[in-house]
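Residues 139 to 756 in our numbering are what the sequence shown spells out, letter by letter.
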Amino acid sequence: MTVSVEVAAVRDFLAECTPFNELSEEHLTLAAGHVQIAYYRAGESTGILDYSNPKLLIVRSGAFEVRNGEGELLDRVEPGGYFGYPSLLTGDAITNQAVVIEDGLLYQIDADTFQQLRSVNRSFDRFFNQAHAKRLRHAVRFREQNYQLTRRVGDLSSREPVTARPDLTVAEVAEIMTAQRVSSVMVIDERQQLCGLVTDRDLRARVVAERRGPETPLSEIMTRELTSVSAESLVFEALLLMTEHNIHHLPVTADGQPVAMLTTTDLVKAQKADPVFLIGEIGHQDSVEGLKGVSRDIPELLRSLIRAEASADQIGRLLTTVTDALTRQLIKQAVEKYGEPPVPFAWLAFGSQGRRDQTAISDQDNGMLIGDAVTQGDDEYFLAVANYVNDGLDACGYKYCPGEIMASTLDWRQPLVGWKKQFLRWINQPSSKALMHASIFFDMRCVYGDQSLFDDLQATVCDAARGNEIFLANLTANALKLTPPMGFFKNFVVEHSGEHKNTLDVKLRGIMPINDIARIYALSIGSRQVHTLERLQEAVSSKLLTLKDSRNLTDAHEFISRLRLVHQGEQLRDGVKPDNHLNPSTFSSLSRHQLRDAFAVVNNAQSALRVKFTHGLM
Numbered sequence: 139m140t141v142s143v144e145v146a147a148v149r150d151f152l153a154e155c156t157p158f159n160e161l162s163e164e165h166l167t168l169a170a171g172h173v174q175i176a177y178y179r180a181g182e183s184t185g186i187l188d189y190s191n192p193k194l195l196i197v198r199s200g201a202f203e204v205r206n207g208e209g210e211l212l213d214r215v216e217p218g219g220y221f222g223y224p225s226l227l228t229g230d231a232i233t234n235q236a237v238v239i240e241d242g243l244l245y246q247i248d249a250d251t252f253q254q255l256r257s258v259n260r261s262f263d264r265f266f267n268q269a270h271a272k273r274l275r276h277a278v279r280f281r282e283q284n285y286q287l288t289r290r291v292g293d294l295s296s297r298e299p300v301t302a303r304p305d306l307t308v309a310e311v312a313e314i315m316t317a318q319r320v321s322s323v324m325v326i327d328e329r330q331q332l333c334g335l336v337t338d339r340d341l342r343a344r345v346v347a348e349r350r351g352p353e354t355p356l357s358e359i360m361t362r363e364l365t366s367v368s369a370e371s372l373v374f375e376a377l378l379l380m381t382e383h384n385i386h387h388l389p390v391t392a393d394g395q396p397v398a399m400l401t402t403t404d405l406v407k408a409q410k411a412d413p414v415f416l417i418g419e420i421g422h423q424d425s426v427e428g429l430k431g432v433s434r435d436i437p438e439l440l441r442s443l444i445r446a447e448a449s450a451d452q453i454g455r456l457l458t459t460v461t462d463a464l465t466r467q468l469i470k471q472a473v474e475k476y477g478e479p480p481v482p483f484a485w486l487a488f489g490s491q492g493r494r495d496q497t498a499i500s501d502q503d504n505g506m507l508i509g510d511a512v513t514q515g516d517d518e519y520f521l522a523v524a525n526y527v528n529d530g531l532d533a534c535g536y537k538y539c540p541g542e543i544m545a546s547t548l549d550w551r552q553p554l555v556g557w558k559k560q561f562l563r564w565i566n567q568p569s570s571k572a573l574m575h576a577s578i579f580f581d582m583r584c585v586y587g588d589q590s591l592f593d594d595l596q597a598t599v600c601d602a603a604r605g606n607e608i609f610l611a612n613l614t615a616n617a618l619k620l621t622p623p624m625g626f627f628k629n630f631v632v633e634h635s636g637e638h639k640n641t642l643d644v645k646l647r648g649i650m651p652i653n654d655i656a657r658i659y660a661l662s663i664g665s666r667q668v669h670t671l672e673r674l675q676e677a678v679s680s681k682l683l684t685l686k687d688s689r690n691l692t693d694a695h696e697f698i699s700r701l702r703l704v705h706q707g708e709q710l711r712d713g714v715k716p717d718n719h720l721n722p723s724t725f726s727s728l729s730r731h732q733l734r735d736a737f738a739v740v741n742n743a744q745s746a747l748r749v750k751f752t753h754g755l756m
């Protein structure tokens, strides 16, 4: 095909750039033919990134910086580099801006062409997804280090402002405040501009104390000299203002009009949504009731981490760290109540807590590993401790395990020799029940107590499972019963009836299969890792997985887990019990495309697992 000199020059440049060098000659020419060229002078920042018409921007010459809405540097882009792709990937109007550092030329590729190139070449698609993930990880690291200092007032104040006109009476306003359950009202004039503020304290000091009547108009008692902030102000700045002026209510305005009210209660809640604060508070509690009170802030922690764009892996680790802290504090309270243990023991966490990937809906999976010197009479003590901890966790929102996999159950409160016999039975006699238990018990971690006991048990388990072809074949066959919910024509297979009609269970059909794959690889090499992503990394080191396949599974796990967490965060916000059921019709077309890709990765990995391990059944 003959192309113009201009298109040929663009094509030659793109051919030297990754990932365009992965495209076929046909698609490389297609990309070059759709390139528009723009020139920018140093110092320009407006009009480069147009989120109403997003494009992939390729630097041909010069240098550009990409900064976020707060002006923080995200990337410096030089010839051969890219920016603008986050909006093309997510469909969101990301508020970054580009600044020209050196005069330069940009090649611009429209959204339709970009999506077409992604659909025809997986390497091209993966390159930009990984670049976006890397930038998000960089942003998350910054947010985590400076989280309380960089949060915005708008993140805290969500309720609509309660307002009143200055000619309303004190009695009328008191009724409004009582009905709305607020401690302040913002007073607005005929232009809807903020002109005053009335608080509970004003009603006491300026009405009751001065013996004014209920017909007194607000204009006579309201505070006129006001301090206010915008929704974009830093929470830290708002805190300084409230401290400096000794006030407990700070109006949030936009162009002089009230949009919200920030109170000291909001600031306290914001602090409680910090994981370090939460864990510190847990350590100060000496009763179940106290821990129950602290645990009420865990849903806000989840929503806060989602707003901060933390990865699903980071959120899972942080939520699990809080669960670990609650568990340890309950054990300490139990030891304080019942005395020191007669023999050493270890508290074991299984399942999601063991893997460190908990979400908003995590029930209990735990057990007690006790030293072999234990006597029959000692079990009364350990049962009392187990009941105290299991009951305490239930009170804190971690519901009793429906299958009774808890330390309060005798089967899961055993001496070391008993646990070893149980695991060896599961490995050497892999019945259907044993295989069901494997998905829970083989993801275990010591949360409290004698680490050496746990290390002894884990060494026995890992040695017995390593290279055990019959066990691994049965474990694989059982795992392959859970497949991604995709039909023959790549359409989603959803529930057709019942409570969850038209939804997918993304935990059961997306996340659990990846956990299963990672667990089987880990057990096959005797790995002691229990975290899914770390197991995948070890599989690469042992040459069971290629680096590419491991990254694909890691990306799929992150994407599906993130969808689930955002869904659960929205349910918590709306006062709905969180679940794992997502309706794909509510996703953007891009998200549906990415979910199909993620499910395809899982399906391919399961096919590879079948080839590797099920020969033990033949």
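Don't be surprised by glycine CBs; every beta carbon is placed ideally from N, CA and C. The model shown is predicted, which means the values in this text are computed figures rather than measured ones.
Assign K775 to buried or exposed, taking buried as 16 or more other Cβ atoms, counted over all protein chains shown, within 10 Å of its Cβ. Nothing can be reported for residue 775: it is not among the residues displayed for the chain, which extend from 139 to 756.
Segment limits, beta strand (DSSP E) that includes I543: Careful: I543 lies outside any beta strand (DSSP E) and carries neither H nor E.
Per DSSP, what are the beta-bridge partners of S199 in this structure? L243
Does the beta-carbon of R214 have 16 or more other beta-carbons within 10 angstroms, so that it is buried, or is it exposed? exposed
Using a 10 Å radius around the Cβ and a threshold of 16 neighbouring Cβ atoms, would you call I175 buried or exposed? With fewer than 16 other Cβ atoms within 10 Å, it is exposed.
Beta-carbon within less than 6 Å of K750's beta-carbon, same chain only, minus the 5 sequence neighbours each way: which residues are those? none
DSSP state of Y536, grouped into three classes? The three-state reading of DSSP puts Y536 in coil, since its state is none of H, G, I, E or B.
Under the three-state DSSP convention, the category S225 falls into: If DSSP states are grouped into helix, strand and coil, S225 belongs with the helices.
Between D510, G535, M544 and P540, which lies nearest to V523 when the distance is taken from Cα to Cα? M544
M582 (DSSP reduced to helix, strand or coil): Here M582 carries a coil assignment [DSSP, helix/strand/coil].
Taking C-beta to C-beta, are V173 and Y223 nearer than 8 Å? no
What is the C-beta distance between M324 and P389, in whole angstroms, given that I count them as a contact (C-beta under 8 Å)? 6 Å
Using CA coordinates, which residue listed in E313, A153, S723 and R700 is at the minimum distance from Q452? R700
Can you tell me which residues form a DSSP beta bridge with M399? Paired residues: P389.
For N504, which three-state DSSP category applies? DSSP places N504 in strand when its eight states are reduced to three.
Select from Y220, R349 and T461 the residue whose C-alpha is nearest the C-alpha of L439. Looking only at Y220, R349 and T461, the smallest Cα-Cα distance to L439 is reached by T461.
Candidates I508, T547, Y526 and R493: which alpha carbon is nearest E427's? Y526
May I ask which residues mark the beginning and end of the alpha helix (DSSP H) holding W564? Residues L554 to N566.
Do the segment 672–681 and the segment 710–720 make contact, defined as three or more Cβ pairs closer than 8 Å? no
Would you list the one or two residues that DSSP bridges to R214? DSSP lists E203 as the bridge partner or partners of R214.
6 Å CB neighbourhood of S837 in its chain, flanking five on each side removed: Nothing about residue 837 can be read from this structure; the chain reaches only from 139 to 756.
Going by DSSP in three states, I175 sits in which element: helix, strand or coil? strand
Enumerate in chain order the residues of its own chain whose CB-to-CB distance from D188 is below 8 Å, with the five nearest sequence positions on each side excluded. none
Determine whether the beta carbon atoms of I655 and L531 lie at a separation below 8 Å. no
Would you grab the beta carbon distance between H387 and S442 for me? Rounded to a whole angstrom, and I think it's under 8 Å. The Cβ separation is near 22 Å, so there is no contact.
Given a cut-off of 8 Å on the beta-carbon distance, is the pair L691 and Y659 in contact? no
Using only alpha-carbon positions, find the residue among V373, E310 and Y220 that is nearest to C155. Y220
To the nearest angstrom, how far is the alpha carbon of D529 from that of N234? 48 Å
Quick check on the burial criterion: 16 or more other C-beta atoms within 10 angstroms. Buried or exposed for N741? exposed
Can you grab the Cα-Cα spacing for the pair P352 / L306, in whole Å? 10 Å
Tell me whether M574 is buried or exposed, calling it buried when 16 or more other Cβ atoms sit within 10 Å of its Cβ. Exposed, by the Cβ-count rule.
Classification of D95 by the beta-carbon crowding that lies within 10 angstroms, buried from 16 upward: The structure shown does not extend to residue 95, since the chain is modelled only from 139 through 756, so no value can be given for it.
Are the CB atoms of Q706 and A498 nearer to each other than 8 Å? yes
Rank S577, S366, V197 and G605 by C-alpha distance to the C-alpha of L646 and give the top, closest one. For the residues S577, S366, V197 and G605, the minimum Cα distance to L646 belongs to S577.
With a threshold of 8 Å, are at least 3 pairs of Cβ atoms found where one atom belongs to the segment 235–244 and the other to the segment 190–205? A contact exists between the segment 235–244 and the segment 190–205.
For Y220, the residue or residues it bridges with in DSSP: I196
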